[in-house]
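Just so you know, the sequences run in chain order A and B.
The first sequence begins at 1381 in my numbering and counts up one residue at a time.
The second sequence begins at 2 in my numbering and counts up one residue at a time.
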Amino acid sequence: MSMNNQGRPTGIQNTDSAVPETVTGNRGLQIEEPLIFEQDSAGRCGVDLPEVPTVGSRLGAVKPRGRIGLPGLAEPQVVRHYTRLSQKNYAIDSGLYPLGSCTMKHNPRLNEKMARLPGFADVHPLQPESTVQGALELMAELGRWLATLTGMAAVTLAPAAGAHGEMCGIMAIRSAHDAKGDKGRTKILVPESAHGTNPATAAACGYAVEAIPATEDGRVDLEALKAKLGPDVAGLMLTNPNTCGLFERDIITIAEAVHAAGAYFYCDGANFNAIVGRVRPADLGIDVMHINLHKTFSTPHGGGGPGSGPVVFAESLAPFVPVPYVVQDKDGAFRLVEQAGDGPAFGRMKAFHGQMGMFVRALAYMMSHGADGLRQVANDAVLNANYLLARLQDVMTPSFDGPCMHECLFDDRFLKGTGVTTLDIAKALIDEGFHPMTMYFPLVVHGALLIEPTETESKASLDQFVTALRALAERAKSGDVAYFQGAPRLTPRRRLDETAAARKPVLRWTPAVEPETVAAE
Amino acid sequence: MRYLPLTEADRRSMLEAIGVPSVDELFRDVPEAARLSGPIKGLSNHMGELEVDRALSAMAGKNLPAGSVPSFLGAGAYRHHIPATVDHLVQRGEFLTAYTPYQPEVSQGTLQVLFEFQTQVSLLTGMDVANASMYDGATACAEAVMMANRVTRRKRAVLSGGLHPHYRDTTTTDARFIGFETVVMPPAPTGGEDLLAEVDGDTSCVVVQNPDVFGHVRDYTELGRACQAKGALLIVVVTEAVSLGLLTPPGEMGADIVAAEGQSLGNALNFGGPYVGLFAVKEKLVRQMPGRLCGQTVDADGRRGFVLTLSTREQHIRREKATSNICTNSGLCALAFSIHLSLLGEEGFTRLAEINHAKAVQLADKLAGVKGVEIVNGSFFNEFTVKLPKPAAEVVEALAQRGILGGVPVSRLFGGGLDDLLIVAATETNTESDMDAFATALAEVL
Ligand SMILES: Cc1ncc(COP(=O)(O)O)c(C=O)c1O
């Protein structure tokens, strides 16, 4: 069919732009979507399965299960449901996502394609080693890239995310002290600016957490650190570049002090993107560091995960790398070491061998950039952040002097007396078409706004963000509080009542009337 | 570099705006001794898509995809048919390239998915509440034990010999470093074990698996009652989520916590990860749960919406007092799980479970006909253990030479011992001719 213009108006007659209330509640491309449970029709099904072969049951003496309560939908309904839901999300694919500390960079689709090759995606973790030589080779190759980029002696790919990697690193530190018979080390030092996972990890591993204050310039207070170091300290957990987006200038001195006290130096490598290809953490005196493949090496964040948190170890801790790991025999064959045995290695930390799907994506990303491109990644990430800092510093209040690394930190002094908060700025940014920055983290400054643009933003995109943020800062100062408190207005939902959600938690859908259960009680 | 939008002209004008002569100047806080002057040696330089594709495809080509041959591997990871719709929807950039829904106004898609996921997991397990996912079943199991320790203020966990050894080891690793006691029962491939005898006044929990790692279907109702009487929690692990379509759900057996692996729904084998840990509890334990929780609320206009909630349990608020250090979880794998389950619905999920069981029964009958092979199990769902006249590891290798992936040697899981036992799984993906090929090849290699 062709479009017939006969009799159809082609000009615009009415320019009234007020947003109408609609009958459906839908707003054009924004369509309201009920829960799947509210679309249920008994007997409807989105898959066609064959008849069940008639064989006797070998389930034993268990009582058969009653009705579960799952909704029945046909395939087109399911497709529409999730498509509509997806349209209520902001994502890197849609625009700038400057969520500080999270490195929300572009996720190349080549990586998705590679991870889906049947030779990687359709391989069982317990197949005979002879049938998975390519998978083991990929793991070894990824490990080689990570070890080379960090200058470290050993790698484990097992941890499932950054926090899991932290756990692994702290366990290695404990193992090393234990191996020396040193049982008196009960503390881990953690700067106040650290991400919440750091103290949570140290505490989960049975250590007392002792906070180290920051100096005026946003770095670890070296004298305070030295004063706390002693025979009761197992290690220091330090993020570098730190969560204020700053490089710890004294890091080599810090490492020496930590080592002189007989402790180990754990580095939270979540911010490796700032320095990849420009500095090797091993050259800074770091003993152990985790790397978030879902940050620096671009594996997609997936609405919360999955991640992958390989850990690299200097010679000092290399003997304690947990199982499983890949080794290559003299004849070139790859082998998995799956049992810890009696050696210093500990483990395991999860089922199977790590987040293979993420390994493929990360290696595809590394190979695409190469050694030269990864250095450019760090350069551009740092350049973009410093550009934002430079363009915003006169209207907002930077917490520390630059240069910054891959992210720039502001606090809410520029909002003082306006009645507008950091949260309000974030919500108003949403209406301007941006994902907000990280808010209220790190805790060392008041009302933090932590902005990480990453290297995959163009200058035009940064300029538009600057224009929006400058205008919002001016608007806040002009006293237009109501504008901010009502924001956002253009989203599928406006501000949500988090207090009500926590006071009387509704954590699942329940039918108005419980369906009859067949199971006899 | 195709992923880097800045041009040389952009870089120059940006440096000018910043007021520095070169990008090197921005790295001036890096100690001079540690600065690298050029690209790191020993790694290749940048490559185009075609070259990367070629290199990685060559590596992939050295593996034997499970779907290309008759394949009967399970033991915690199962090959199921995933409807095409699942992967298509999962790859929508709005799901794939978003992060944790910290800003609910622009994350209602992810949040509603999580709310539905939590509901689905609660229904499947027969529990009151589920969280928004853990890394995998094994870490969910370890977290469940630590949660039980907190809830009961006790420090002694009893782990069944039927628990998947990777789950057991993940838990004992934590026990060693975090400082609690574990009583590890020996593997009992043929029969029961007296778990109750191990439960005393210091026991925080008993961890069992259903079906257990050898495939036996268990009823833990009695055990649940006994645990309750002694003030210990019952933790039920499930590694094959499809079994929940047919078996009594753990909630009905009196489980306090369920820790399960959700890979079977929506998620490919992926050589072991990423998978998705399911974590469900009784209502009264909600505030001791690890991980993210999504809850229902209303927005400024009074419309229903969803937010992350009860975050005072979590590391970003509670820091060293958090219930767990988990931050990034398995969001996208949870989405895949949820989509697959939505497609199946009540009828499809139940039928899928029935088909899986029937396939396993067929396979057991065929293998029982092979000389020297003995089926160990009296009961099973889609997986069972066979006793062979030869070491299972050798048999599996010989079968692989003949293009058959014939199961998981028990010795591989347990790190030695029980050499003659092989764990074999069947799913809807296995045809009768696959099974015949397996039986024939097995007869040849024995
Ligand atoms: C500085 C820092 N450390 C640790 C983590 C924890 O990493 P993950 O979320 O992968 O567990 C994060 C990220 O969220 C982080 O930003």
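Every residue, glycine too, gets a C-beta built ideally from N, C-alpha and C.
Helix, strand or coil for residue i per DSSP?
i                  : result
Asn150 of chain B  : helix
Pro1579 of chain A : helix
Arg305 of chain B  : strand
His82 of chain B   : coil
Leu160 of chain B  : strand
Ala401 of chain B  : helix
Glu284 of chain B  : helix
Gly225 of chain B  : helix
Phe1902 of chain A : Nothing about residue 1902 of chain A can be read from this structure; chain A reaches only from 1381 to 1901.
Arg3 of chain B    : coil
Lys1608 of chain A : helix
His1670 of chain A : strand
Gln1410 of chain A : strand
Val411 of chain B  : helix
So, are the CB atoms of residue i and residue j less than 8 Å apart?
i                  : j                  : result
Pro1661 of chain A : Gly1545 of chain A : no
Phe1652 of chain A : Asp1667 of chain A : no
Leu1476 of chain A : Glu1837 of chain A : yes
Val107 of chain B  : Asn1469 of chain A : yes
Ala1 of chain B    : Val277 of chain B  : Absent from the model: residue 1 of chain B. The displayed extent of chain B is 2 to 447, so no value can be given.
Glu395 of chain B  : His82 of chain B   : no
Phe116 of chain B  : Phe307 of chain B  : yes
Leu1729 of chain A : Ala1515 of chain A : Here residue 1729 of chain A turns out to be Met, not Leu, going by the sequence shown. Contact: no.
Ala1713 of chain A : Gln1513 of chain A : yes
Ser1748 of chain A : Met48 of chain B   : yes
Pro392 of chain B  : Asp420 of chain B  : yes
Val397 of chain B  : Phe215 of chain B  : no
Ser1688 of chain A : Ala1541 of chain A : yes
His1815 of chain A : Gln104 of chain B  : yes
Leu333 of chain B  : Thr310 of chain B  : no
Met128 of chain B  : Lys283 of chain B  : yes
Glu1590 of chain A : Leu1609 of chain A : no
Asp195 of chain B  : Arg157 of chain B  : no
Pro1488 of chain A : Tyr1745 of chain A : yes
Ser1474 of chain A : Glu95 of chain B   : yes
Gln1507 of chain A : Leu443 of chain B  : no
What's the call for residue i, buried or exposed, on a 16-neighbour Cβ count within 10 Å?
i                  : result
Arg1565 of chain A : buried
Arg29 of chain B   : exposed
Ile1392 of chain A : exposed
Thr1619 of chain A : buried
Thr1536 of chain A : buried
Ile1671 of chain A : buried
Glu433 of chain B  : exposed
Leu51 of chain B   : exposed
Leu286 of chain B  : buried
Ile318 of chain B  : exposed
Asp170 of chain B  : buried
Under 7 Å from any heavy atom of ligand 2, does the C-beta of residue i make it?
i                 : result
Gly418 of chain B : This structure lacks ligand 2; its bound ligands are ligand 1.
What whole-angstrom Cβ distance do residue i and residue j have, given they're in contact under 8 Å?
i                  : j                  : result
Pro190 of chain B  : Val411 of chain B  : 7 Å
Thr1623 of chain A : His1674 of chain A : About 17 Å separates the two Cβ atoms, so there is no contact after all.
Glu1787 of chain A : Gly1625 of chain A : 4 Å
Val200 of chain B  : Lys231 of chain B  : 5 Å
Leu1803 of chain A : Cys1784 of chain A : With a Cβ gap of about 23 Å, Leu1803 of chain A and Cys1784 of chain A do not count as contacting.
Val1458 of chain A : Ser265 of chain B  : 18 Å between Cβ atoms; not a contact.
Glu348 of chain B  : Gly1685 of chain A : Going by Cβ atoms, the distance from Glu348 of chain B to Gly1685 of chain A rounds to 31 Å, so no, they are not a contact pair.
Gly267 of chain B  : Val87 of chain B   : 5 Å
Original post:
Using a Cβ cut-off of 7 Å, which residues of the region 1679-1690 of chain A contact any Cβ in chain B, in chain order?
Top reply: Pro1680, His1681, Gly1682, Gly1683, Gly1684, Gly1685, Pro1686, Gly1687
Original post:
Got a sec: which bits of the region 176-190 of chain B sit with their beta carbon under 8 Å from any beta carbon on chain A, in order along the chain?
Top reply: Arg177, Phe178, Ile179, Gly180
Original post:
the region 162-173 of chain B: which residues have C-beta closer than 8 Å to a C-beta of chain A, in chain order?
Top reply: His165, His167, Tyr168, Asp170, Thr171
**OP:** Return the residues of the region 1590-1605 of chain A that lie within a Cβ-Cβ distance of less than 8 Å from chain B, sorted by chain order.
**Re:** none
Original post:
Along the region 230-246 of chain B, what residues have a CB closer than 9 Å to any CB found in chain A?
Top reply: Thr240, Leu245, Gly246
Original post:
In chain order, what residues of the region 47-61 of chain B put their CB closer than 9 Å to some CB of chain A?
Top reply: His47, Met48, Gly49, Glu50, Glu52, Val53, Asp54, Ala56, Leu57, Ser58, Ala59, Met60, Ala61
Original post:
Taking Cβ-Cβ distances below 7 Å as the criterion, which residues of the region 1477-1507 of chain A are in contact with chain B?
Top reply: Leu1479, Cys1482, Met1484, His1486, Asn1487, Pro1488, Leu1490, Glu1492, Met1494, Leu1497, Pro1498, Gly1499, Phe1500, Ala1501, Asp1502, Val1503, His1504, Pro1505, Leu1506, Gln1507
Subject >> Interface positions of the region 372-389 of chain B facing chain A (Cβ-Cβ less than 9 Å), listed along the chain >> reply: Under the 9 Å Cβ criterion, the region 372-389 of chain B contributes Asn378, Gly379, Ser380, Phe381, Phe382, Phe385.
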